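Scroll down for the structure; my scribbles are underneath it.
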DNA sequence: CGTACAGGTCTA
DNA sequence: TATCTAGACCTGTACG
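Structure representation (structure tokens):
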């Protein structure tokens, strides 16, 4: 599915004078050169043979092809591959070193926000993709168990295709529904620079309750002294803190914070900036987080609030298929540690409940607390006690994260199941040799940093392997959706429109929704097999077919 | 005046 | 008996 047999690879390179070169990599190097304007025609013609397109960076090639109505089946993204190989402890770094290694290290993706970079003076054009492609092949050749790292490279590149396709298609977004939602909560859209009526009313109530006629609750430096003057002994102004208090001003203050947040983060300004022609189009950044999770830019896609999801509505005659994995990371931990006792719990739809049913813990909340403690490094209080108890029950799984934490505290690199390496620590605690007597840090502070880095590496191995599972899920699903038909370009068929760590949203013609739901489940099963082979760990999904994103779950 | 950071709130 | 992982992005405020 991810890697074909008898693969044909075609390298695309931009050349001076607005031309593009297509070089066959596996038949002696036949070269075709065309004006850049003829690239879509070239790709359309060659795509019938299902080649793997090799290019410097998907963000520099694929949006233009998608805009021309094309879709490619597979690619090798050298920028993402370089980043992975450079940090993988499985790779002999000497094989990757070349004259423009630093240039590849520094290469950034381009976004819709800076299209000028493409034409003007793009640092990518000073790099040699053919040479880099050779180096990456050689580097992979030196790796033990190269199938795993090879899978990761293929999946990362497939993710780059998904990311570009999701921005191209966009998330269907009804500005009229969003506006109505805002108007119901805040009042009609005010003139620029004015507070909406609803917010103004709540503000008046807050000011009256605290006897502070000019108070600006958006300013913590004003709000904190005001709360203390009212006899409330608080040291911060977070909602969670305020909820504990008993004072007549608290209710309107919490309401003010909620409405102000909605207005600032997803109000009319957000709509104006990020929604156009009925679509919300964030930029997705595969590999943008060190653990391998995706980052995003533009419109805060990673924190799309539940509150505004009613405005995400499928087109007429279309539906959303929304799917998320229940308890992804504990399942991934069971699989990567090959902990059979935890895998047994992971065969149930509710892993935490299964831990109760097998007598490992007394309650579901204990199970959850213990698992989160293991993955995040909770050692104190209730969480720490649960970790101790569960370590005896699941020694393989808990031992794996514990070892990752110890390695991090020693300043070592840890890696995910498929071989993504953690960054090296930069703090002074990690460089004992450089420690001079002058600015030697406080030993207690140094230990705090060391333990904090241990929590990071502990979480890295699980979060990162979870991201690999999700990447495989996406890659397999992308192919299955394309085959679900009907004929046409990406947006004519069922296609991905949203992805958030362990959740996907597919936009599909209504009559194909059940087929899509099957494809989403089949892809999850396939992802589990790709990562864990025959080791028995399940990845049950919650799948909903809905008109609005808000109705899922 | 513009930039950098702190505090806060949303997501998994 | 907290406050432990990874992000984006808003406003207010301090700094240069």
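Residue numbers (UniProt numbering): 1 to 553. Virtual Cβ for every residue (Gly too), placed ideally from N, Cα, C. Computed from a prediction, not measured in an experiment: that's the story for all the values here.
**Prompt:** Since residue 125 sits in a beta bridge, which residues does DSSP pair it with?
**Reply:** Residue 125 is not bridged to any residue.
**Asked** Less than 8 Å separating the beta-carbons of residue 133 and residue 11?
**Response** Residue 11 sits close to residue 133, with the two beta carbons spaced by under 8 Å.
**Message:** I'd like the list of long-range same chain contacts for residue 385, defined as Cβ closer than 7 Å, with 5 residues on each side in sequence excluded.
**Reply:** Same-chain partners within the cutoff: there are none.
**Asked** For residue 405, which option in 127, 420 and 379 has the closest C-alpha, if you only look at C-alpha atoms?
**Response** Of the listed residues, the one whose Cα sits closest to residue 405 is 379.
**Proximity below 8 Å, CB of residue 477 to CB of residue 523** = Cβ atoms of residue 477 and residue 523: closer than 8 Å.
**Prompt:** How big is the Cα-Cα spacing for residue 427 and residue 147?
**Reply:** For residue 427 and residue 147, the gap between their C-alpha atoms comes out near 34 Å.
**Item:** Every unbroken beta strand (DSSP E) within the region 300-341, with a cutoff of 3 residues, ordered by chain
**Value:** 318-325, all fully within the region 300-341.
**Three-state secondary structure (DSSP) of residue 495** = The three-state secondary structure of residue 495, taken from DSSP, is strand.
**Prompt:** Looking only at its own chain, which residues have a Cβ that is under 6 Å from the Cβ of residue 368, when we skip the five neighbours before and after it?
**Reply:** By the criterion of a C-beta distance shorter than 6 Å, residue 368 is surrounded in its chain by 352, once the five residues flanking it on both sides are discounted.
**Item:** Simplified DSSP state of residue 23, which is helix, strand or coil
**Value:** Three-state DSSP puts residue 23 in a strand.
**Request:** Using the Cα positions of residue 59 and residue 111, report the straight-line distance between them to the nearest angstrom.
**Result:** When rounded, the distance between both Cα atoms is 7 Å.
**Request:** Measure the C-alpha to C-alpha separation of residue 287 and residue 501 and round it to an integer number of angstroms.
**Result:** Distance between residue 287 and residue 501, taken at the CA atoms: about 12 Å.
**Prompt:** By a C-beta neighbour count over all protein chains shown, 10 Å radius and 16 as the cutoff for buried, is residue 463 buried or exposed?
**Reply:** Residue 463 is buried by the Cβ-count criterion.
**Asked** residue 347 to residue 290, Cα distance in whole Å?
**Response** Going by the C-alpha atoms only, they are around 30 Å apart.
**Item:** Three-state secondary structure (DSSP) of residue 365
**Value:** DSSP places residue 365 in helix when its eight states are reduced to three.
**Message:** Please classify residue 516 as buried or exposed, where buried requires at least 16 neighbouring CB atoms within 10 angstroms.
**Reply:** With a 10 Å radius around the Cβ and a threshold of 16 neighbouring Cβ atoms, residue 516 comes out buried.
**Message:** The alpha helix (DSSP H) that contains residue 296, what's its start and end?
**Reply:** Judged by DSSP secondary structure, residue 296 falls outside any alpha helix (DSSP H) and instead within the beta strand (DSSP E) spanning 295-297.
**Message:** Buried or exposed for residue 444, going by 16 or more other Cβ atoms inside 10 Å?
**Reply:** With fewer than 16 other beta carbons inside 10 angstroms of its own, residue 444 counts as exposed.
**Residues that DSSP places opposite residue 171 in a beta bridge** = Within the DSSP secondary-structure output, residue 171 pairs in a beta bridge with 280.
**Request:** Report yes or no: do three or more beta-carbon pairs, one from the region 164-173 and one from the region 63-82, lie closer than 8 Å?
**Result:** Between the region 164-173 and the region 63-82, the count of Cβ pairs shorter than 8 Å is three or higher; the stretches touch.
**Prompt:** So, helix, strand or coil for residue 190, using DSSP?
**Reply:** Coil, per DSSP.
**Length of the line joining the Cα atoms of residue 435 and residue 531** = For residue 435, the predicted model reports a pLDDT of 49, less than 50, meaning its position is unreliable and no value from the coordinates is stated.
**Asked** When burial is assigned at 16 or more other CB atoms within 10 Å of the CB, is residue 7 buried or exposed?
**Response** The residue in question, residue 7, is exposed, as its Cβ has fewer than 16 Cβ neighbours within 10 Å.
**Prompt:** Using DSSP with H/G/I as helix, E/B as strand and the rest coil, what is residue 244?
**Reply:** Looking at residue 244 - three-state DSSP - the assignment turns out to be coil, as it is neither helix nor strand.
**Prompt:** Quick one, are the C-beta atoms of residue 34 and residue 19 less than 8 Å apart?
**Reply:** In contact: residue 34 and residue 19 (Cβ atoms closer than 8 Å).
**Asked** Is the number of C-beta pairs between the region 191-202 and the region 307-318 that are closer than 8 Å three or more?
**Response** Short answer: they don't touch.
**Prompt:** Between the C-alpha atoms of residue 549 and residue 97, what's the straight-line distance to the nearest angstrom?
**Reply:** If you take the alpha carbons of residue 549 and residue 97, they lie about 47 Å apart.
**Asked** From 152, 128, 94 and 103, pick the residue whose C-alpha is nearest to that of residue 138; which is it?
**Response** Measuring from the Cα of residue 138, the nearest candidate turns out to be 94.
**Request:** Within the same chain, show all residues whose beta-carbon is closer than 6 Å to that of residue 333, passing over the 5 residues directly before and after it, in chain order.
**Result:** Contacts found: 397 and 462.
**Request:** Within 10 angstroms of the Cβ of residue 216, are there 16 or more other Cβ atoms? Answer buried if so, exposed if not.
**Result:** That one is exposed.
**Prompt:** In three-state DSSP terms, what is residue 74?
**Reply:** Strand.
**Prompt:** Any idea if residue 511 is buried or exposed, counting beta-carbon neighbours within 10 angstroms, 16 or more meaning buried?
**Reply:** Residue 511 should be labelled exposed.
**Request:** Starting from residue 409, follow the alpha helix (DSSP H) in both directions and report where the run begins and ends.
**Result:** Residues 395-409.
**Request:** Give the secondary structure of residue 548 by DSSP, where H, G and I count as helix, E and B as strand, and everything else as coil.
**Result:** DSSP places residue 548 in the strand class (E or B) of the three-state scheme.
**Message:** Quick check on DSSP: helix, strand or coil for residue 424?
**Reply:** Coil at residue 424, not helix or strand.
**Asked** Smallest Cα separation from residue 15: which of 350, 234 and 32?
**Response** Check the Cα spacing between residue 15 and each of 350, 234 and 32: the tightest is with 32.
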